[in-house]
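Numbering (full-length UniProt numbering), first residue to last: 1 to 299. Where is the CB? At the ideal position from N, CA and C, for every residue including glycine.
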């Protein structure tokens with residue numbers, strides 16, 4: 001093993017996030033992500049101060065066992081070209097990426113190094129489509145979709161063959177995806193909607209897993225390897241899910257509680273931000289997480 005490989009493997013923390021308050025990077029520990037601004041994240045220490053609760057709160061907590069999604073549609077900061085397949089990310093300067101060629105020059109090693117080699121998703125590859133002609137998946141290149149038959153799409157080769165022109169034409173060119181985000185998908189293991197980070201099969205089209213089912217080994221031999229991507233719900237479905245899974249209104253800041261909630265013996269409920277602030281501990285504490293409280297009362 002050469003010294004550069006040893007240096008890369010010894011770098012702790014995540015390179016896809018930086019604390020917006022103290023600037024910690026690489027990022028170590030749980031991530032507190034703003035529900036208002038997805039790009040605003042805090043480390044545990046800065047989140048516990050509570051000074052950001054009013055402006056960008058509430059926060060959703062992503063624990064250290066949640067994997068980082070693969071970077072997509074990244075542009076090399078050296079030559080301004082798309083990074084396809086494999087590239088390098090700076091472990092010193094946040095959001096600074098290089099393609100293989102620019103990294104090989106060594107031009108940015110002293111100012112931005114060390115660098116970590118990692119996969120990148122190209123804008124030319126899609127995991128949300130499969131050619132209905134040749135069954136190509138992952139989908140590469142220009143996507144042509146039928147204006148007559150919903151959901152029917154072809155790759156450039158199949159489109160140029162004119163085989164489906166009479167039955168499915170005319171065809172239109174789909175715009176390239178601006179990001180590799182999967183919308184409105186359910187886990188093929190537990191059938192639950194996936195929101196946040198999940199897994200996409202790189203072998204079988206439209207086979208997705210949540211974190212728990214992937215950890216349990218579902219589809220490992222038949223559908224793997226898997227890619228870590230971001231899953232989102234359309235706004236209407238998000239509102240429906242929030243109403244279904246709401247844990248009520250925080251009696252501290254009066255925000256809706258969806259992810260985590262705490263209560264005391266008298267039934268006073270607060271959200272994670274108010275719990276972290278500690279301002280209710282003296283008069284209202286102790287507090288118990290709702291799941292723990294339900295388990296205690298069942299004993």
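Query	Result
Beta-carbon spacing of residue 229, residue 180 below 9 Å	yes
DSSP beta-bridge partners of residue 156	Bridge partners of residue 156: none, in fact.
Chain-order list of residues whose beta-carbon lies under 6 Å from that of residue 127 (same chain, five-residue window excluded)	138, 200
The region 65 to 73 in contact with the region 270 to 289 per 3-pair CB rule at 8 Å	no
Cα-Cα separation, residue 186 to residue 216	17 Å
N- and C-terminal bounds of the alpha helix (DSSP H) containing residue 102	100 to 105
DSSP bridge partner residues for residue 117 (one or two, in chain order)	88
C-alpha distance - residue 168 paired with residue 156, whole-angstrom precision	15 Å
Same chain only: Cβ atoms within 7 Å of residue 46, ignoring 5 sequence neighbours per side	19, 21, 22
The region 146 to 156 / the region 114 to 123 touching (three or more Cβ pairs under 8 Å)	no
Continuous alpha helix (DSSP H) assignments of at least 4 residues falling wholly in the UniProt domain "ZZ-type" (125 to 170)	156 to 160, 165 to 168
Outcome for residue 183 when other beta-carbon atoms lying within 10 angstroms are tallied against a minimum of 16	exposed
Sub-9 Å separation of residue 62 and residue 104 beta-carbons	no
Identity of the residue in 66, 64, 36 nearest residue 53 by Cα	36
Length of the line joining the Cα atoms of residue 43 and residue 79	32 Å
Sequence-distant residues of the same chain with beta carbon closer than 8 Å to residue 131, five excluded per side	137, 139, 153, 154, 155, 158
Beta-carbon proximity list for residue 50, same chain, < 7 Å, skipping 5 on both sides	273, 276, 277
Residue 55 in three-state terms, based on DSSP	helix
For residue 334, the nearest candidate out of 188, 111, 214 (CA to CA)	This structure cannot speak to residue 334, because the chain is shown only from 1 to 299.
Rounded straight-line distance, which links the Cα of residue 252 to that of residue 289	15 Å
8 Å CB neighbourhood of residue 218 in its chain, flanking five on each side removed	188, 189, 209
Proximity to residue 38 [Cα-Cα], best of 17, 48, 24, 25	17
When 129, 99, 88 are compared against residue 114, the one with the closest alpha-carbon	88
Helix, strand or coil at residue 63 [DSSP, three-state]	coil
Buried or exposed (CB count within 10 angstroms, at least 16 for buried), residue 90	buried
Contact set for residue 129: own chain, Cβ-Cβ below 7 Å, skip 5 residues either direction	139, 143, 153
Limits of the unbroken beta strand (DSSP E) element including residue 271	269 to 271
Contact set for residue 41: own chain, Cβ-Cβ below 8 Å, skip 5 residues either direction	17, 18, 19, 20, 27, 31, 32, 33, 34
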